[in-house]
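Novice:
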Amino acid sequence: MNEPFPLRRIFEGKWTQGAIPLVLLVALLLIIEIAAPGFLTGETVSLLFANTAVLFILATGVTFAILLGGIDLSIQAVASLASVILAQLLPSLGLAAFPVAILSGLAFGTLSGIVHVKLRVPSFVATLATGGVVTGIALWVSDGRAITIEEGGRENTAWINATVVGVPVVVLISAVIGIAAFLALRYTRFGRQAIAVGAGEPAAWAAGINVDRTKIVAFAASGMLAAVAGVVLAARLSSGSPVLANQLLLPAIAAVIVGGTAITGGLGGVARTAVGALIISIVRIGMTFVGVNIFLENMVFGAVLIAAVAITIDRSKIAVIK
């Protein structure tokens, strides 16, 4: 007697993991448009993309870590510190404050990678610890308060809040970052090696790949992009704060996983993260449109994340789930 076609195989197929997020994105748009007619207007769509930009930049960075089979739990702390650095240095350094803030993210991302690789500390512990250190620095530097970007400083951040041919600059920034990250993963040696490490680290070592270097570069990229997200967010809000990005960690990770990147690594990419980020933003904005309590957001994200991990996880790599 033939065994019925197992449903789980459908959800674990690579083509399915790529198609499900797109189907979900279209379904969400239709559901919200039916529940709240007028959602799919030019103004709302422009607002949707603008609000997704920071989340996408943050999620693009953590995509590098997740593709390796790791995780970066320091991104919200790094983004917040970058916002503080930008707000404090704009009056004295002007536009030079931007690279300084971004380089701080690169430094702490590299530190996370070194701790993970050289001390052989699991990535979630290494990045959680680094995030704690970064948060402490941000609180110390800012005296535990938000720092407003005054009028003089806003002259150097006005370009981020501008539009080009009707398109918000933040959308263009996120698009450039997304394209660069996509090309890096698809066409560079680092990208191919990162996918190989995520697919099977022992095999990557056997193939002669410098796994340690690949991991450090991935975490450095994650930290740098977290800092970029932080400075963009600070420029949009005209302030920096040691807790500015604290609510973005779960949505950023959810965007990567919901987009179809496997939490176990080796499968996924930036294009999928873009779809996942849009889904998360649509859920957030859609909940407001249909009148759902805003305090339920994290509960919804948690449920979506559990469902996405259950679908995308590669169980063949894990003998025991623990």
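The opening position of the sequence shown corresponds to residue 694 in the working numbering, with each subsequent residue numbered one higher.
Ideal placement from N, C-alpha and C gives every residue a C-beta, glycine not left out.
Could you check where the alpha helix (DSSP H) with F757 kicks off and where it finishes?
Specialist: Residues G735 to L760.
Novice: According to the neighbour-count rule (16 or more other Cβ atoms, all chains shown, within 10 Å of its Cβ), is S915 buried or exposed?
Specialist: Under this definition S915 is a buried residue.
Novice: Considering Cα atoms alone, identify which of G837, A911 and L723 is closest to L878.
Specialist: For the residues G837, A911 and L723, the minimum Cα distance to L878 belongs to A911.
Novice: Enumerate in chain order the residues of its own chain whose CB-to-CB distance from L733 is below 6 angstroms, with the five nearest sequence positions on each side excluded.
Specialist: Result list for L733: E726, in chain order.
Novice: Would DSSP call N829 helix, strand or coil?
Specialist: For clarity, residue 829 is Gly in the given sequence; the question names Asn instead. G829: helix per DSSP, three-state reduction.
Novice: Short of 7 angstroms in beta carbon distance, which residues of its chain neighbour V864, apart from the five on each side in sequence? Order them along the chain.
Specialist: The residues are F742, A743 and A746.
Novice: Measure from the alpha carbon of V857 to the alpha carbon of each residue in G731, S739, A945 and T828, then state which is nearest.
Specialist: Out of G731, S739, A945 and T828, S739 has the C-alpha closest to the C-alpha of V857.
Novice: Check this for me: beta carbons of L718 and L941, under 8 angstroms apart or not?
Specialist: Taking 8 angstroms as the Cβ cut-off, L718 and L941 do not qualify as a contacting pair.
Novice: Considering only the alpha carbon of each residue, which of G979, I999, G762 and S931 lies closest to I724?
Specialist: Considering only alpha carbons, the answer is G979.
Novice: CA-CA distance, L812 and A800?
Specialist: The alpha-carbon atoms of L812 and A800 are separated by roughly 17 angstroms.
Novice: Identify whether V997 lies in helix, strand or coil by the three-state DSSP scheme.
Specialist: Reduced to three states, the DSSP call for V997 is helix.
Novice: Tell me the rounded alpha-carbon separation between E843 and A789.
Specialist: The straight-line gap from Cα to Cα measures roughly 16 angstroms.
Novice: Determine the direct distance from the alpha carbon of A928 to that of L766, and round the result to whole angstroms.
Specialist: C-alpha separation (whole angstroms): 23 angstroms.
Novice: Classify S931 as helix, strand or coil using the three-state DSSP reduction.
Specialist: Reduced to three states, the DSSP call for S931 is coil.
Novice: Let me make sure I understand the geometry here. Which of G735, L782, I950 and L722 has the alpha-carbon closest to that of G845?
Specialist: Selected option, being the one with the closest Cα: L782.
Novice: Skipping 5 residues on each side, what residues in its chain have a beta carbon closer than 8 angstroms to that of V963?
Specialist: Result list for V963: T753, T756, G871, A874, F875 and L878, in chain order.
Novice: Give me the Cα-Cα distance between W852 and V869, rounded to the nearest whole angstrom.
Specialist: C-alpha separation (whole angstroms): 16 angstroms.
Novice: Below 6 angstroms CB to CB, which residues in the same chain sit around G762 once its five sequence neighbours on both sides are set aside?
Specialist: Excluding positions up to five away in sequence, the list reads G891, T957 and G958.
Novice: Is it the case that the Cβ atoms of S932 and A794 are separated by a distance below 8 angstroms?
Specialist: No, the pair does not count as a contact, with Cβ atoms beyond the cut-off.
Novice: According to DSSP, simplified to helix, strand and coil, what is A1003?
Specialist: Note: A1003 maps to helix in three-state DSSP.
Novice: In three-state DSSP terms, what is P815?
Specialist: In this structure, P815 counts as coil in the three-state DSSP scheme.
Novice: Could you tell me whether the Cβ atoms of L721 and I975 are closer together than 8 angstroms?
Specialist: Closer than 8 angstroms, so yes.
Novice: Of the choices G806, K908, N854 and P714, whose alpha-carbon is the least far from that of L760?
Specialist: When only C-alpha atoms are compared, the closest one is K908.
Novice: Would you be able to state if there are at least three C-beta pairs under 8 angstroms between the region 766-776 and the region 812-823?
Specialist: Cβ pair count under 8 angstroms is three or more, so yes.
Novice: Less than 8 angstroms between CB atoms is the rule here; does R977 satisfy it with respect to chain B?
Specialist: The structure shown contains no chain B; it is built from a single protein chain.
Novice: I need the DSSP call for P730, collapsed to helix, strand or coil.
Specialist: Three-state DSSP puts P730 in coil, outside helix and strand.
Novice: Do you know offhand how far A955's Cα is from G961's?
Specialist: For A955 and G961, the distance between alpha carbons rounds to 6 angstroms.
Novice: Say yes only if the C-beta of G995 is nearer than 7 angstroms to one or more non-hydrogen atoms of the ligand SAH, and no if none qualify.
Specialist: Looking at this structure, you won't find the ligand SAH or any other ligand, since it has none at all.
Novice: What's the C-alpha gap between V997 and I950?
Specialist: About 9 angstroms.
Novice: Identify the continuous alpha helix (DSSP H) that holds G884 and give its terminal residues.
Specialist: Segment R882 to A892, the alpha helix (DSSP H) holding G884.
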